[in-house]
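J.:
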Amino acid sequence: MTVERVKPRALDARRIYRLVALAASLSDVRDEVEANHDDNRWWPTSITDIRLRMLAAGWSTRVSYRMVTTYARVIASADALGFDHLAAATDTELAELVRPIGLAQNRVDYLRSLAELLQHWDKQGVDPTAEAADADDLILDFAQRVRGASFKVAQCALLNARGYHCGIIPVDSGMVTKLAPALGVALPSGPAAHERFRHTLESAVHARSADFLSLVAEHGHRVSIPEDTAPTWWVHLVLIYFKRLYLDAPSAQLCCRRPLCPKVIDCSHRHA
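Each residue of the sequence shown is one higher than the one before, counting from 23 in my numbering.
(1) Of all the options Asp233, Ala215, Ser195, which has the alpha carbon lying nearest to the alpha carbon of Ile262?
(2) Could you give the uninterrupted runs of the alpha helix (DSSP H) lying entirely in the region 35-123, keeping only those of 4 residues or more?
(3) Nearest-angstrom Cα distance between Val120 and Ala32?
(4) For Trp65 versus Cys188, is the C-beta distance shorter than 9 Å?
(5) Cβ of Glu224 within 9 Å of Cβ of Ile190?
(6) I need the DSSP call for Ala294, collapsed to helix, strand or coil.
(7) Report the option in Val198, His221, Val227 whose CA atom is closest to the CA atom of Ser211.
(8) Would you tell me roughly how many angstroms separate the C-alpha atoms of Thr70 and Phe264, rounded to the nearest one?
(9) Going by DSSP, what residue range makes up the alpha helix (DSSP H) through Arg244?
(10) Measuring CA to CA, which of Asp270, Val260, Leu269, Arg266 is closest to Glu56?
(11) Kindly indicate which three-state DSSP category Ala152 falls into: helix, strand or coil?
(12) Compute the Euclidean distance between the alpha carbons of Asp163 and Ile97, then round it to the nearest angstrom.
(13) Measure the C-alpha to C-alpha separation of Ser236 and Gly242 and round it to an integer number of angstroms.
(14) Taking its Cβ as the centre, do 16 or more other Cβ atoms sit within 10 Å of Ala294, making it buried, or is it exposed?
(15) Got a sec? Which residues, its chain only, sit under 6 Å from Ser82 by beta carbon, not counting five neighbours each side?
(16) Alpha carbon to alpha carbon, how far is Val42 from His228? Give it in angstroms, no decimals.
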């Protein structure tokens with residue numbers, strides 16, 4: 023399933039910028055962004071093997087926020103063993119390793135098919151971290167070949183392999199079902215929605231990179247963004263934590279008339 027890039031609507035880009043500006047001003051969102059920007063708790067910089075970074079992205083799926091410490095211990099144990107050791111381990115050994123985060127068979131299947139994909143890429147001379155390698159093509163291939171991946175996991179895996187500031191904005195299910203409607207962004211049905219929304223968000227940030235960067239300083243976010251880099255990773259975190267804190271269990275501050283009301287929270291409509 024190929025998802026063609028389409029020119030984003032100017033209205034979508036304006037709404038994305040306005041929402042990021044508002045979300046970045048919220049102290050609870052800022053706290054979460056600062057805690058996860060330079061060294062993300064889910065995909066830590068201490069893991070340097072890109073194979074393990076792609077594994078970590080897949081194993082983080084369907085793990086709740088309250089289990090992040092447990093998940094981190096599992097990933098640290100996997101890193102200590104090394105990817106080659108994991109690939110050679112028995113299903114029983116792997117199931118015991120991932121037991122604390124559940125869904126053992128799914129995670130074993132993900133590892134097995136990830137190892138097969140990496141072997142395939144190696145034979146084809148494909149380096150997923152190479153700047154010349156097309157992210158859309160890699161994400162599509164990953165989603166098709168790795169069991170349990172689909173587009174949303176493939177996006178995370180490629181981001182984690184290439185580094186936080188590679189330009190990819192991963193889109194999870196909540197961003198599709200809750201954030202996109204809050205922005206009035208129309209998406210196709212099914213897995214393709216994750217790719218289409220990723221394209222829309224990335225296009226908006228790259229088109230106004232300087233404006234988005236100015237929001238970082240304006241709202242006092244203590245994060246490190248490389249020079250001459252669009253703040254795609256920062257925007258992802260701002261949106262994902264706004265979604266978690268205000269949309270997952272709709273906040274009483276949230277306006278029921280979004281996206282028509284640009285204020286989104288704490289507006290007069292809540293009291294009308």
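We treat Cβ as the ideally placed atom computed from N, Cα and C, and that holds for glycine.
Please read all numbers here as calculations on a predicted model, not as lab measurements.
T.: By the coordinates alone:
(1) Walking along the sequence shown from the start, residue 262 turns up at place 240. Comparing Cα-Cα distances from Ile262 to each of Asp233, Ala215, Ser195, the minimum goes to Ser195.
(2) Runs found: 49-58, 72-81, 90-103, 105-110, 113-120.
(3) As a first step, residue 120 is located in the sequence shown; it is residue number 98 there, counting from the start. As a first step, residue 32 is located in the sequence shown; it is residue number 10 there, counting from the start. One Cα belongs to Val120, the other to Ala32, and the distance between them is close to 44 Å.
(4) Here residue 65 refers to the residue found at position 43 when the sequence shown is read from its first residue. Here residue 188 refers to the residue found at position 166 when the sequence shown is read from its first residue. Contact: no.
(5) One-based indexing of the sequence shown puts residue 224 at position 202. One-based indexing of the sequence shown puts residue 190 at position 168. The beta carbons of Glu224 and Ile190 sit closer together than 9 Å.
(6) Start at 1 with the first residue of the sequence shown, and residue 294 comes out as number 272. With a pLDDT of 49 at Ala294, under the threshold of 50, the modelled position of that residue is not reliable, and no figure is offered here.
(7) Counted from its first residue, the sequence shown places residue 211 at position 189. The shortest Cα separation from Ser211 among Val198, His221, Val227 belongs to Val198.
(8) Start at 1 with the first residue of the sequence shown, and residue 70 comes out as number 48. Start at 1 with the first residue of the sequence shown, and residue 264 comes out as number 242. Their backbone Cα atoms lie some 29 Å apart in a straight line.
(9) Position 222 of the sequence shown, counted from the first residue, corresponds to residue 244. Unbroken run through Arg244: none, as it is neither H nor E.
(10) Residue 56 sits at position 34 when you count from the first residue of the sequence shown. From the listed residues Asp270, Val260, Leu269, Arg266, the smallest Cα separation to Glu56 is found for Val260.
(11) Numbered from 1 along the sequence shown, position 130 holds the residue referred to as residue 152. DSSP, reduced to helix, strand and coil, places Ala152 outside both helices and strands of the structure shown, so it counts as coil.
(12) Here the question's residue 163 lines up with position 141 in the sequence shown. Here the question's residue 97 lines up with position 75 in the sequence shown. Asp163 and Ile97 have their C-alpha atoms spaced approximately 24 Å apart.
(13) Translated into positions along the sequence shown, residue 236 becomes position 214. Translated into positions along the sequence shown, residue 242 becomes position 220. The straight-line gap separating the alpha-carbon atoms of Ser236 and Gly242 is approximately 10 Å.
(14) Taking the first residue of the sequence shown as 1, we reach residue 294 at position 272. Model confidence at Ala294 stands at a pLDDT of 49, short of 50, so the residue's coordinates are unreliable; what they give is reported in the following sentence. Ala294 comes out exposed.
(15) Working through the sequence shown from its first residue, we reach residue 82 at position 60. Same-chain partners within the cutoff: Trp64.
(16) Reading the sequence shown from its first residue, position 206 is the one you call residue 228. Reading the sequence shown from its first residue, position 20 is the one you call residue 42. His228 and Val42 have their alpha carbons spaced roughly 14 Å apart.
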